Amino acid sequence: MMSIWTRSSPLVGRNSKVLRRCNRCFHSGRIQHVQRLLWCGSVLDQSSSTLKEVPKDWLLAMGMQEDVEQGISFGSLASSFSHSLLSYTTLPPALPVQNVIPQDESEPPRTNPAGLHKVVAIGRNTFGELGSGFSSQESTWGMVGAGFEGAGGIETVRCGLGSSWLLTKTSKDKDASSLLYSFGNHTSGQLGVGGISRPYAQSEGGEPQLELYSSPRRVPIEDDIVIESISSGLDHTVILVRLPNGTQEVRTCGINTDGQLGLPSVQFSLPSFKSIQPESFQPPLPPTEEDPIVGVAAGGDSSALWTASGRIWCWGNSEYAQALVGGEPIDRIDVPTEASSSVASVLQGAKVVDVKFGGSFVVLLDV
Numbered sequence: 001m002m003s004i005w006t007r008s009s010p011l012v013g014r015n016s017k018v019l020r021r022c023n024r025c026f027h028s029g030r031i032q033h034v035q036r037l038l039w040c041g042s043v044l045d046q047s048s049s050t051l052k053e054v055p056k057d058w059l060l061a062m063g064m065q066e067d068v069e070q071g072i073s074f075g076s077l078a079s080s081f082s083h084s085l086l087s088y089t090t091l092p093p094a095l096p097v098q099n100v101i102p103q104d105e106s107e108p109p110r111t112n113p114a115g116l117h118k119v120v121a122i123g124r125n126t127f128g129e130l131g132s133g134f135s136s137q138e139s140t141w142g143m144v145g146a147g148f149e150g151a152g153g154i155e156t157v158r159c160g161l162g163s164s165w166l167l168t169k170t171s172k173d174k175d176a177s178s179l180l181y182s183f184g185n186h187t188s189g190q191l192g193v194g195g196i197s198r199p200y201a202q203s204e205g206g207e208p209q210l211e212l213y214s215s216p217r218r219v220p221i222e223d224d225i226v227i228e229s230i231s232s233g234l235d236h237t238v239i240l241v242r243l244p245n246g247t248q249e250v251r252t253c254g255i256n257t258d259g260q261l262g263l264p265s266v267q268f269s270l271p272s273f274k275s276i277q278p279e280s281f282q283p284p285l286p287p288t289e290e291d292p293i294v295g296v297a298a299g300g301d302s303s304a305l306w307t308a309s310g311r312i313w314c315w316g317n318s319e320y321a322q323a324l325v326g327g328e329p330i331d332r333i334d335v336p337t338e339a340s341s342s343v344a345s346v347l348q349g350a351k352v353v354d355v356k357f358g359g360s361f362v363v364l365l366d367v
């Protein structure tokens, strides 16, 4: 797998045309704080046991040549065990165009529009999770295709098992509403893009029929909704949304064979996001205006949420006691059930601030 580290500042290719032209101009300043993308491990046919800078050739091979030459700033990074997504924004030229001396005097300087938001993907593409417009059995890399928008840019990217998510903003305002896009495997409804709720469709030969989307598709949600958190399990997804009136809702979609949606009425799967009503929680969820929900987590076939006061509710598969309820293994938990008392003795007065599921286990961070 690939590990990547970045430093928050603009990236300009050290050997880019912009820098070559800068070398021919008189200036008193110097370019500092170059953002780097570092990796180690195994990527396609390359391997390294130590962190090193991602070769420029890799970025060019992904279709980023003109953007890298002018300058880019990396934004959000996400990875699953099989693929990774990386968002970036194009930057203005390092120097005003009128001050740049072309290498070829007959060729006017060319620049790309600044402020464009793009995503590159690398890894397996079995289910179209790279968003390249096709699926394949071989690992590859490239740009996520067109099909997403948002004047406020890409807020975050997320990766699930054979699925990918892009969260954008409708404007640059702090409280701007969200737009959500997904691509990859939707066979169990985990992308939330709609369809018929049913067990796996079958081909004429009786084999399961996969439902795959290899390009970004808009997830239908209401206008003026702000998505505050998103998390994916094996075949289900949980999001935390804020409504225009300020209240919060937890919504789920995907498979429900272990109760991971928190919606007992869903027998098999749900292809669109649906809210879990506060009264369905055990005990009922208090008004979010009084105790805001801080985050949601999905992993394996389990789900959770936690609040500002440190209370935690879990549901779904808990055959290894990973859902924390009761402090013992439970085959399935169909509705969100508070687990605060089960972890109180361990927390010793601290409160939960983050939760991550790893399939058969759970990790909590307190403060």
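Position 248 of the sequence shown, counting from 1, maps to 248 under UniProt numbering, and the rest follow consecutively.
Every residue, glycine too, gets a C-beta built ideally from N, C-alpha and C.
None of these values were measured; they are calculated from a predicted model.
{"Query": "Beta strand (DSSP E) segment containing residue 121, residue limits", "Result": "117-123"}
{"Query": "Same chain, Cβ closer than 6 Å to residue 98, five either side skipped, listed in chain order", "Result": "In this prediction, residue 98 has a pLDDT of 46, which is less than 50 and means its spatial position is unreliable; what the coordinates show is noted afterwards. Around residue 98: no qualifying Cβ."}
{"Query": "Cross-strand partners of residue 236 (DSSP beta bridge)", "Result": "254"}
{"Query": "Same chain, Cβ closer than 6 Å to residue 144, five either side skipped, listed in chain order", "Result": "119, 121, 131"}
{"Query": "Span of the alpha helix (DSSP H), counted from its first residue to its last, around residue 66", "Result": "65-70"}
{"Query": "Residue 309 in three-state terms, based on DSSP", "Result": "coil"}
{"Query": "Local conformation of residue 45 per DSSP, three classes", "Result": "coil"}
{"Query": "Where residue 23 sits in the DSSP three-state scheme", "Result": "Per-residue confidence for residue 23 stands at a pLDDT of 39, beneath the threshold of 50, marking its modelled position as unreliable; the derived number appears in the next sentence. Coil."}
{"Query": "Backbone CA spacing between residue 72 and residue 234 [nearest angstrom]", "Result": "33 Å"}
{"Query": "Bridge-paired residues (DSSP) for residue 314", "Result": "304, 337"}
{"Query": "Whether residue 165 touches residue 179 by CB criterion (8 Å)", "Result": "no"}
{"Query": "Beta-bridge pairing of residue 143 - partner residues as DSSP gives them", "Result": "120"}
{"Query": "For residue 228 and residue 328, the rounded distance between their alpha carbons", "Result": "31 Å"}
{"Query": "Start-to-end residues for the beta strand (DSSP E) that takes in residue 298", "Result": "293-299"}
{"Query": "Stretch-stretch touch, CB-based, cutoff 8 Å, three pairs: the segment 323-340 with the segment 259-271", "Result": "yes"}
{"Query": "Per DSSP, the bridge partner or partners of residue 330", "Result": "318"}
{"Query": "Nearest-angstrom Cα separation, counted from residue 290 out to residue 253", "Result": "27 Å"}
{"Query": "Residues that residue 40 bridges to, as DSSP identifies them", "Result": "The partner list for residue 40 (beta bridge, DSSP) is empty, contrary to what the question assumes."}
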